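In the working numbering, the protein residues as written are 2 to 391.
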């Protein structure tokens with residue numbers, strides 16, 4: 002009987018607590034709704050109790066009491082708990098947004114601590130950018146020698162993959178699979194580093210007062226020899242012979258132009274018999290010399306000579322940073338450096354220079370005359386560097 006009395010007393014106590022809770026809830030008035038969620042959470046926890054083994058159901062009064070106590074506790078803590086949840090949600094959202102645009106950061110390089118020579122060769126387009134980065138690397142304390150040869154993208158990749166006598170190849174076109182295979186044969190697994198964007202400039206002399214815009218089709222007619230005079234391009238133009246200037250066949254600029262304008266058929270441009278040179282400054286001087294000349298090369302060379310050269314619009318789009326970045330300019334193209342993890346491991350100075358280049362290139366590239374690579378492309382280049390250190 003004593004045990005039965007105790008059990009009944011517990012039941013009565015629980016009922017009294019429940020009644021007191023009901024009175025408190027009624028007195029709170031407008032705050033009842035705010036407590037519903039927390040109470041629902043407690044009830045939800047209680048609802049799972051029937052799934053417990055039968056032995057645990059011998060004290061239903063205690064279970065009810067726990068529910069009531071949980072309700073009381075939740076009333077006091079609800080505001081703080083809800084606030085914490087909102088904060089966590091906001092933090093998670095901010096973290097996700099930050100993660101989506103997170104910049105890959107490379108370990109800091111101190112040029113004063115770097116020694117040993119570096120040899121690079123390749124694209125005449127990338128040449129002024131790499132020269133600027135090498136000068137800055139040296140100005141900040143690097144005591145070694147950096148050799149940069151301007152021999153064209155194809156020539157640079159050949160030296161990197163076949164002769165294997167340089168540390169870095171500069172290129173204004175992507176390396177080809179066959180070239181990667183040649184590199185692998187020399188124990189060099191190619192690493193690609195996107196360093197910027199170029200808007201290939203199609204230029205005439207500032208003395209040319211009759212053309213400001215060409216379509217890609219007109220450009221193809223000019224460089225395939227289909228149009229031999231300017232009047233063949235447009236009846237309103239003068240009946241003067243077109244003087245053609247073009248980078249040489251080892252140039253990545255030549256390869257890119259043939260691919261984009263001449264359907265990858267280099268016989269068309271060679272049949273038109275343009276004046277070829279691997280030296281872009283020779284092309285600049287050639288176009289400057291006649292109002293009927295036309296040429297094409299990297300934007301930096303136009304930018305350096307814009308007082309005597311006029312960059313033409315292509316399909317109505319002017320070459321600018323904005324049109325290069327959003328690819329609305331038809332002749333925008335990426336700029337690359339290539340190296341290999343084995344070289345970077347054997348020559349820490351090469352790894353240090355590439356790190357320095359990628360970390361600082363956007364500070365210099367506009368002044369040189371090119372445009373930054375997208376954040377995604379630059380991050381990928383930095384990640385390639387990091388992966389090579391593993």
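Glycine is no exception: its CB is placed at the ideal position from the N, C-alpha and C atoms.
Please read these numbers as outputs of a predicted model, since none were measured by experiment.
| query | result |
| --- | --- |
| For residue 174, which of helix, strand or coil comes out of DSSP? | coil |
| Give me, in chain order, the residues of the same chain whose beta-carbon lies closer than 6 Å to that of residue 204; leave out the 5 immediate sequence neighbours on both sides. | 288, 296, 303, 310 and 312 |
| Residues in its own chain within less than 6 Å of residue 227 by CB, not counting five upstream and five downstream? | none |
| Give me the DSSP bridge partner(s) of residue 195. | 337 |
| Where do the ends of the alpha helix (DSSP H) carrying residue 128 lie? | 128-140 |
| From 167, 357 and 268, pick the residue whose C-alpha is nearest to that of residue 225; which is it? | 268 |
| For residue 119, which of helix, strand or coil comes out of DSSP? | strand |
| Let me check understanding here. Comparing Cα to Cα, which of 103, 143 and 123 lies closest to residue 113? | 143 |
| What is the rounded straight-line gap between the Cα of residue 384 and the Cα of residue 212? | 44 Å |
| Output yes or no for whether 8 Å exceeds the beta carbon distance between residue 190 and residue 341. | yes |
| Give the straight-line distance between the Cα atoms of residue 335 and residue 270, rounded to the nearest whole angstrom. | 23 Å |
| Smallest Cα separation from residue 171: which of 187, 215, 235 and 125? | 125 |
| Are the beta-carbon atoms belonging to residue 1 and residue 137 less than 8 Å from one another? | The structure shown has nothing for residue 1, since the chain only spans 2 to 391. |
| Check the DSSP bridge columns for residue 294 and list the partner residues they point to. | 244 |
| What span of residues does the alpha helix (DSSP H) with residue 268 cover, start to end? | 267-272 |
| In the structure shown, what three-state DSSP assignment does residue 230 receive? | strand |
| Report all residues from its chain with a CB closer than 7 Å to the CB of residue 238; omit the five preceding and five following residues, and keep chain order. | 211, 212, 231 and 232 |
| Does the beta-carbon of residue 284, which I'm using as the reference point, lie nearer than 7 Å to any heavy atom of the ligand NAD? | With respect to small molecules bound, the structure shown includes none, and the ligand NAD cannot be examined in it. |
| Over what stretch of residues does the alpha helix (DSSP H) that includes residue 324 continue unbroken? | 322-326 |
| Quick check: the Cα distance between residue 352 and residue 259, rounded to an integer number of angstroms? | 34 Å |
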